[in-house]
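Asker:
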Amino acid sequence: MTKRNWTTIKEYEEIRFDFFEGIARITINRPRYRNAFTPDTIKEMIDAMHYCREADNVGVVVITGEGDKAFCSGGDQNIKGHGGYIGKDGIPRLNVLDLQKLIRSLPKPVVAMVNGYAIGGGHVLHVVCDLSIASDNAIFGQTGPKVGSFDGGFGSSYLARIVGQKKAREIWFLCRQYSAQEALEMGLVNKVVPFDQLEDEVVDWCKTMMKRSPLALRMLKLAMNAELDGQAGLQELAGNATLLYYLTEEAQEGKRAFLEKREPDFQKFPKFP
Ligand code: S0N
Numbered sequence: 022m023t024k025r026n027w028t029t030i031k032e033y034e035e036i037r038f039d040f041f042e043g044i045a046r047i048t049i050n051r052p053r054y055r056n057a058f059t060p061d062t063i064k065e066m067i068d069a070m071h072y073c074r075e076a077d078n079v080g081v082v083v084i085t086g087e088g089d090k091a092f093c094s095g096g097d098q099n100i101k102g103h104g105g106y107i108g109k110d111g112i113p114r115l116n117v118l119d120l121q122k123l124i125r126s127l128p129k130p131v132v133a134m135v136n137g138y139a140i141g142g143g144h145v146l147h148v149v150c151d152l153s154i155a156s157d158n159a160i161f162g163q164t165g166p167k168v169g170s171f172d173g174g175f176g177s178s179y180l181a182r183i184v185g186q187k188k189a190r191e192i193w194f195l196c197r198q199y200s201a202q203e204a205l206e207m208g209l210v211n212k213v214v215p216f217d218q219l220e221d222e223v224v225d226w227c228k229t230m231m232k233r234s235p236l237a238l239r240m241l242k243l244a245m246n247a248e249l250d251g252q253a254g255l256q257e258l259a260g261n262a263t264l265l266y267y268l269t270e271e272a273q274e275g276k277r278a279f280l281e282k283r284e285p286d287f288q289k290f291p292k293f294p
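Under the working numbering, the first residue of the sequence shown is numbered 22, with each subsequent residue one higher.
1) Taking 8 Å as the cut-off, does the stretch 69 to 89 touch the stretch 122 to 142 (at least 3 CB pairs, one atom from each stretch)?
2) In the DSSP output, what is Thr152 paired with across the bridge?
3) Taking C-alpha atoms, which residue in Leu118, Lys31 and Ala262 lies nearest to Pro60?
4) Going by CA-CA distance only, name the one from Arg114, Asn116, Ser94 and Ala45 that's closest to Lys31.
5) Candidates Leu115, Ser94, Gly95 and Gly96: which alpha carbon is nearest Gly104's?
6) Should Tyr266 be listed as close to the ligand GTP, given that the test is whether its C-beta is under 6 Å from any heavy atom?
7) Near Asn50, which residues of its chain fall below 7 Å by C-beta distance, leaving aside the five closest residues on each side in sequence?
8) Looking only at its chain, what residues have a beta carbon closer than 8 Å to the beta carbon of Arg239, apart from the 5 residues adjacent to it on each side?
9) Give me, in chain order, the residues of the same chain whose beta-carbon lies closer than 8 Å to that of Ala244; leave out the 5 immediate sequence neighbours on both sides.
10) When the Cα of Lys228 is compared with those of Tyr33, Arg283, Trp27 and Phe41, which residue comes out closest?
11) Which term fits Ile192, buried or exposed, when burial requires 16 or more other beta carbons within 10 angstroms of its beta carbon?
12) Can the beta-carbon of Phe92 be found less than 7 Å from the beta-carbon of Asn158?
13) Considering only residues of the stretch 73 to 146, which uninterrupted alpha helix (DSSP H) runs meet the minimum length of 4 residues and lie entirely inside it, listed in chain order?
14) For Thr62 and Ala133, I'd like the C-alpha separation in whole angstroms.
15) Going by alpha carbons, who is nearest to Thr269 out of Pro291, Glu65 and Ala155?
16) Measure the CB-CB distance between Ile67 and Leu146 and report whether it falls below 7 Å.
17) Does the beta-carbon of Leu280 have 16 or more other beta-carbons within 10 angstroms, so that it is buried, or is it exposed?
18) Hey, Val81 and Cys73: beta-carbon distance below 7 Å or not?
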């Protein structure tokens, strides 16, 4: 593996957040618990995602787990209480759902670097990422119906879009575990590589995407989301269409005319066939 000089963006307690040549990397840092998340892990990830949205120098975001055992094993079962997972503030939360939405709506590619178990809510996390690249020791699966939970949102509907209805039902109803090779065969991951090549492969994919037009990638991501996210997906896509419209002379004319207290002259702009 190539040695890279990742620099820390911000210090947190349960994640690491660092940067290398346009790539922001969020690492769940709870290897003692196979990188299970608490509400506080998720709060930190949400904070890091907000940074990634605002930062002009971030082109791609990578999500991964610390060590060579697990990407993420889902919600921390030690703190599962009535109504959700109970963090430092004592309030039960399912805030991973907010993180899922942020990953899907971030107008930049998000890559899951799956370095071991991706289980339960940890599996859903990689599912909602735009791309998943896995090491050959990665293991995938849902456990909800075995441990008293389920994710009927993206964790079910988007999973079914990826692997098909029959396979998604198998994954959830039987709670089996699948190898990286099986995940590749069902289209659940984009590529499988030996563990010691995982970071190189992910950085290579990120660098390739950063050579592409960011606006084109942004519109493609939101268009693909909109296809299954209903009104919420259309709202995101339409917002980005508005962003593009604001960049045109035609839209500038409307604003200028208002400020100059005159009628806008939209007739001078082409009406494309
Ligand atoms: C990951 C597994 C398969 C790894 O097995 P392995 O390698 O044999 O290691 P273990 O010895 O089992 O684990 C090492 C230590 O880590 C602890 N640990 C592992 N996973 C968790 C976890 N999720 N929470 C807390 N601790 C964990 C082990 O206990 C062990 O500790 P020690 O050394 O003290 O014994 C295997 O560990 C495994 O199967 N883990 C559990 C996977 C699981 O069931 N996860 C939870 C699934 N549910 C969710 O994620 C819910 C997500 C959610 O928030 C949600 C979202 C949307 C809608 C609803 C929900 C909802 O919860 O209701």
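Positions of the beta carbon are idealized from the N, C-alpha and C atoms, including for glycine.
Answerer: To lay it out plainly:
1) yes
2) One detail in the question is off: residue 152 reads as Leu in this sequence, not Thr. DSSP lists Val132 as partners of Leu152.
3) Leu118
4) Ala45
5) The shortest Cα separation from Gly104 among Leu115, Ser94, Gly95 and Gly96 belongs to Leu115.
6) The ligand GTP is not part of the structure shown, which contains the ligand S0N as its ligands.
7) Glu35, Ile36, Arg37 and Glu87
8) Pro128, Lys129 and Asn261
9) Leu258
10) Phe41
11) buried
12) No; because the gap between Cβ atoms is not below 7 Å, this pair is not in contact.
13) 117 to 126
14) 17 Å
15) Pro291
16) no
17) A residue is called buried when at least 16 other Cβ atoms come within 10 angstroms of its Cβ; Leu280 does not meet this threshold and is exposed.
18) No.
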